[in-house]
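Visitor: If you scroll down you'll find the structure; I have some questions about it.
Number of protein chains: 2
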Amino acid sequence: MLKKIKAKLLVTVFGGAGTPVLSASAGAATETAQRLGCRIYGAWHGLQGILNEDFGDLTALDPSILEKLMRTTYAALGTARDKPTDEDGVKIARVLQAHGADGLIYFGGNDTAEKINIISKAAASIGSSMSMIHGIKTVDWDVPENIFTPGSLSAVRYIAKEVRWNSGDNWSMQGVLIIVVMGRNAGWLAGSAARARRRPDQGPHLIYCPEVDFYESRFLSDVKAMYERYGHCLVVVSEGIHDKDGTLIAEKDAAALARDAHNNAVLSGSGLDQRLCSLVQSGLGIKRVRALTLGAGTRSHDDVAPIDLAAARGVGQKAVEYALAGRTGSVVVKDFHSNPSGGFRLEYDLVPLELVADKTKVMPRRYINEAGNHVTDAYLEFLRPLVGLELPEDFQLRDHVKPVRKLLTN
Amino acid sequence: MLKKIKAKLLVTVFGGAGTPVLSASAGAATETAQRLGCRIYGAWHGLQGILNEDFGDLTALDPSILEKLMRTTYAALGTARDKPTDEDGVKIARVLQAHGADGLIYFGGNDTAEKINIISKAAASIGSSMSMIHGIKTVDWDVPENIFTPGSLSAVRYIAKEVRWNSGDNWSMQGVLIIVVMGRNAGWLAGSAARARRRPDQGPHLIYCPEVDFYESRFLSDVKAMYERYGHCLVVVSEGIHDKDGTLIAEKDAAALARDAHNNAVLSGSGLDQRLCSLVQSGLGIKRVRALTLGAGTRSHDDVAPIDLAAARGVGQKAVEYALAGRTGSVVVKDFHSNPSGGFRLEYDLVPLELVADKTKVMPRRYINEAGNHVTDAYLEFLRPLVGLELPEDFQLRDHVKPVRKLLTN
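Protein sequence lines, in the order shown, are assigned to chains X and G. Using numbering that gives the first Met the number 0, the first residue of the first sequence is number 0, and each one after it goes up by one. Using numbering that gives the first Met the number 0, the first residue of the second sequence is number 0, and each one after it goes up by one.
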């Protein structure tokens with residue numbers, strides 16, 4: 000009797016926080032697996048899902064369900080920031096082996112690439128040669144070998160819109176507003192807030208990125224100058240700004256911040272917003288100073304950038320193709336070309352995990368102005384075709400209204 | 000020689016923070032003034048604009064500019080939270096008299112109605128009988144005599160979407176998330192977050208409004224129960240929650256909060272979010288607890304509810320009509336009727352300022368559940384036709400995926 004040849008099996012799992020297009024990567028991976036006749040499992044809520052053998056079989060998902068999965072704004076498989084020990088790595092490899100997996104596809108950022116490295120070594124140590132694929136995703140944009148990272152372009156749209164709306168509100172109240180945005184090690188997202196600005200008197204008037212050391216005295220004189228010039232001032236800072244010694248501004252004079260599994264300070268709720276607010280209030284004596292930290296909406300909302308979605312799907316598809324070819328590495332979004340016809344083309348590549356794992360791609364200095372308090376036109380020109388969102392010209396009523404002659408005052 | 004009869008003059012000004020439809024009120028007031036052949040000035044940035052005679056002449060605004068004004072997401076005339084002294088009131092009345100104003104139209108919430116009361120008395124004291132009109136606007140929904148307040152319906156759309164997006168993100172990370180929303184004295188906005196929920200396992204699992212005293216011990220046992228049931232928990236609280244003695248939770252164990260001109264505690268940046276976060280972390284030992292305060296985007300964004308826009312325009316139009324009739328009072332949105340044909344009709348009224356000034360309309364108790372930790376279906380049914388935004392059914396991949404049999408664990 001002939002033994003039935005079982006189709007190859009891939010396991011997919013998410014690491015780190017979600018993005019608005021992460022589920023599209025899983026959807027495209029599933030679609031590709033269906034097309035190439037292999038089976039595909041999803042592990043629920045990160046590596047713990049593998050350790051607990053908590054798998055869902057995605058192989059037979061209906062096209063209508065795949066369509067819904069592609070449009071899910073959050074990590075539909077669940078996710079986690081857990082970092083495996085070497086021992087966990089061996090356990091994970093054994094679970095995958097027991098289920099007959101031919102490859103693992105792990106979607107995540109640079110932390111996740113490091114995790115797959117650990118699992119990959121553990122798998123080799125128990126004699127498994129299964130394929131280990133890292134599929135790039137992160138809103139932070141800060142992973143080497145990628146022109147951008149799937150999730151980041153949609154995050155930029157959220158940030159630009161929030162900054163635009165808050166800019167109008169702040170103008171109307173004539174205050175100082177400080178907005179803290181995501182980006183622990185790089186200023187790609189903070190810098191992208193400049194897309195909200197369509198006229199010089201409009202915010203953000205100042206942008207501070209982690210690529211440049213942050214000096215409180217310079218910050219105060221910058222804010223003073225803008226506030227005096229415009230009567231209001233909107234500042235955007237990256238959560239990861241730090242002084243010249245590398246100490247996070249969020250951590251100065253504060254209780255030590257909690258650390259996550261990757262020894263990253265937990266910056267959400269760090270109080271950076273209120274710290275900068277107090278600094279401006281006490282340092283400049285300005286009355287109306289407010290601060291705002293953009294939350295998880297940044298990475299989980301429904302205004303998806305079309306190129307972001309295409310890249311997330313492309314990474315999902317390539318991840319399956321590379322895994323079935325028995326390869327190991329990181330699937331990156333290597334390049335982007337816009338066609339004269341209006342369309343675009345994305346290029347992908349598989350690179351060694353070492354080029355990506357725990358590595359950060361910071362903004363080139365030419366994308367940040369000389370004073371280190373805003374971005375350059377070069378950065379805006381780089382962003383424009385990728386992000387694809389054009390906010391309307393700002394309307395200022397005062398430009399269209401005749402002033403009335405004063406009768407009592409002079 | 001016949002002296003040319005000068006057209007009547009109205010002056011319009013904004014008080015308090017903006018809303019996504021406040022500029023539409025000013026636009027409709029201008030349109031109505033044009034139609035009725037009167038002149039209209041706008042004062043820049045609140046009462047200070049009147050004190051400084053900083054007026055713009057809106058009378059001749061082009062329809063295309065009015066159209067842009069109607070779509071401006073923030074207070075296009077600028078605004079302020081300033082409260083006039085009796086002396087300021089007299090100065091304001093004298094400026095208006097000097098310019099020959101026949102009426103003042105002041106758009107704002109219950110604080111603003113009190114301000115116009117002060118100006119109205121000052122005007123009477125110098126022998127002016129000019130019309131004093133308060134036009135209702137506030138995202139807070141909490142002003143008596145109004146079925147809703149222009150601005151509130153659009154705020155609900157923002158809140159519902161942010162809560163929905165954050166709910167997905169929080170599910171994926173399996174944590175506790177606390178979202179603080181606007182609403183100092185009433186829970187209309189906090190309660191409206193329930194519109195984000197389409198299934199029982201979805202957030203918000205708990206909602207706390209200022210109408211019900213807040214007990215930390217009950218809060219903790221509520222969070223514990225939900226977290227144990229669902230593996231994650233999303234809590235929405237109003238910024239104004241307080242204990243049984245009326246002490247703001249934001250103010251407990253904290254330095255006294257700053258106060259605005261109306262002696263309201265400044266709740267933005269109060270740290271309520273982090274205070275509740277720490278409470279859950281220390282009280283329940285849950286690892287992943289995050290907090291988020293929704294910012295000025297709530298009152299300044301572009302997802303305008305059609306009924307909200309219609310009401311803002313209606314209030315602007317009625318304000319001019321009442322002012323030209325020489326009347327004084329508050330223009331309120333008295334009632335709402337939906338037509339079987341799918342359209343709707345709004346009713347307005349002019350009520351004495353005393354009915355509105357410094358008065359708060361809290362949620363009726365039947366809109367809050369018995370335990371005081373969520374809203375009732377009655378509130379959701381009340382909101383539905385007004386807000387008009389239907390979020391899509393939440394997609395849960397797990398509902399569509401066959402679990403894989405465990406091989407190593409049992």
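For every residue, glycine included, the Cβ atom is placed at its ideal position computed from N, Cα and C.
(1) By Cβ distance, which residues of its chain are closer than 7 Å to Ser191(X), with the 5 residues on each side in sequence left out?
(2) Comparing the C-beta of Thr297(X) with each C-beta of chain G, is any distance below 7 Å?
(3) Is the separation between the beta-carbon of Gly182(G) and that of Asp139(G) shorter than 7 Å?
(4) By the 7 Å beta-carbon criterion, what residues does the segment 50–62 of chain G contribute toward chain X?
(5) Would DSSP call Met131(X) helix, strand or coil?
(6) Ala410(X): which of Lys5(X), Pro203(X), Leu354(X) sits nearest, CA to CA?
(7) So, with DSSP's three-state summary, where would you put Asp87(X)?
(8) Using a beta-carbon distance below 7 Å, is Tyr157(G) in contact with chain X?
(9) Is the beta carbon of Ile91(X) closer than 7 Å to that of Ile49(X)?
(10) In chain G, what lies closer than 8 Å to Gln433(X) by C-beta?
(11) Hey, quick one: how far does the alpha helix (DSSP H) through Cys276(X) stretch, first residue to last?
(12) Do you know whose CA, among Pro149(X), Asn169(X), Gly313(X), Trp43(X), lies nearest Val414(X)'s CA?
(13) From the DSSP output, in three-state form, read off Ala290(X) for me.
(14) Spatial neighbours of Pro143(G) within its chain, please: CB distance less than 7 Å, with the 5 preceding and 5 following residues excluded, ordered by chain position.
(15) Quick check on the burial criterion: 16 or more other C-beta atoms within 10 angstroms. Buried or exposed for His300(X)?
(16) For chain X, check one thing: does any of its Cβ atoms lie closer than 7 Å to the Cβ of Gly174(G)?
(17) Between Ser237(G) and chain X, is any beta-carbon pair separated by less than 7 Å?
(18) Quick check: the segment 333–345 of chain G against the segment 117–128 of chain G, are there 3 or more CB pairs under 8 Å?
(19) Can the beta-carbon of Trp164(G) be found less than 7 Å from the beta-carbon of Thr72(X)?
(20) Please confirm if Ala97(G) has its CB atom under 7 Å from at least one CB of chain X.
(21) Run down chain X in chain order and give the residues with a C-beta less than 7 Å from the C-beta of Ile64(G).
(22) Can you give me, in chain order, the residues of the segment 2–18 of chain G that have a beta carbon less than 9 Å from any beta carbon in chain X?
(23) For a cutoff of 7 Å on Cβ pairs, would you count His300(X) as touching chain G?
(24) Going along chain X, which residues have a C-beta under 8 Å from Phe394(G)?
(25) From the DSSP output, in three-state form, read off Lys5(G) for me.
(26) Kindly indicate the opening and closing residues of the alpha helix (DSSP H) around Ser63(G).
(27) Going straight from the alpha carbon of Met129(X) to that of Leu345(X), what length do you get?
(28) Can you check whether the C-beta of Tyr40(X) is within less than 7 Å of a C-beta belonging to chain G?
(29) Going by Cα to Cα distance, which pick from Leu188(G), Ala185(G), Gln173(G), Ile248(G) is closest to Met225(G)?
(30) Thinking just about the alpha-carbon of each residue, which of Gly186(X), Ile4(X), Pro402(X), Leu46(X) is nearest to the one in Gly36(X)?
(31) Please classify Gly137(X) as buried or exposed, where buried requires at least 16 neighbouring CB atoms within 10 angstroms.
(32) Less than 6 Å between the CB of Ala322(X) and some heavy atom of the ligand ATP, yes or no?
(33) By the three-class DSSP mapping on this structure, what secondary structure does Gly107(G) have?
(34) Note down, in chain order, every chain G residue with its Cβ under 7 Å from the Cβ of Cys276(X).
(35) Excluding the five sequence neighbours on either side, which residues of its own chain have a C-beta within less than 7 Å of the C-beta of Asp53(X), listed in chain order?
(36) Using the Cα positions of Glu320(G) and Glu238(G), report the straight-line distance between them to the nearest angstrom.
Guide: This is what the structure gives:
(1) Val155, Ile158, Ala159, Leu382.
(2) no
(3) yes
(4) Asn51, Glu52, Phe54, Gly55, Asp56, Leu57, Leu60
(5) strand
(6) Residue 410(X) lies beyond the residue range present for chain X, which begins at 0 and ends at 409; the question has no answer from this structure.
(7) Under the three-state reduction of DSSP output, Asp87(X) falls in the helix class.
(8) no
(9) yes
(10) With chain X running from 0 to 409 in the structure shown, residue 433(X) is simply not present.
(11) 271–283
(12) Since the displayed chain X opens at 0 and closes at 409, residue 414(X) lies outside it and no answer follows.
(13) For Ala290(X), the secondary structure class from DSSP, reduced to helix, strand or coil, is strand.
(14) Leu354, Val355, Lys358, Lys360
(15) buried
(16) no
(17) no
(18) no
(19) yes
(20) yes
(21) His399
(22) If you check each beta-carbon in the segment 2–18 of chain G against every beta-carbon of chain X, the ones closer than 9 Å belong to Phe13, Ala16, Gly17.
(23) yes
(24) Lys67, Leu68, Arg70, Thr71, Ala75
(25) coil
(26) Ser63(G) -> alpha helix (DSSP H) spans 62–69.
(27) 28 Å
(28) yes
(29) Gln173(G)
(30) Ile4(X)
(31) The amino acid occupying residue 137(X) in the given sequence is Thr; Gly does not appear at that position. Under this definition Thr137(X) is a buried residue.
(32) Looking at this structure, you won't find the ligand ATP or any other ligand, since it has none at all.
(33) strand
(34) Gly268
(35) Ala42, Trp43
(36) 37 Å
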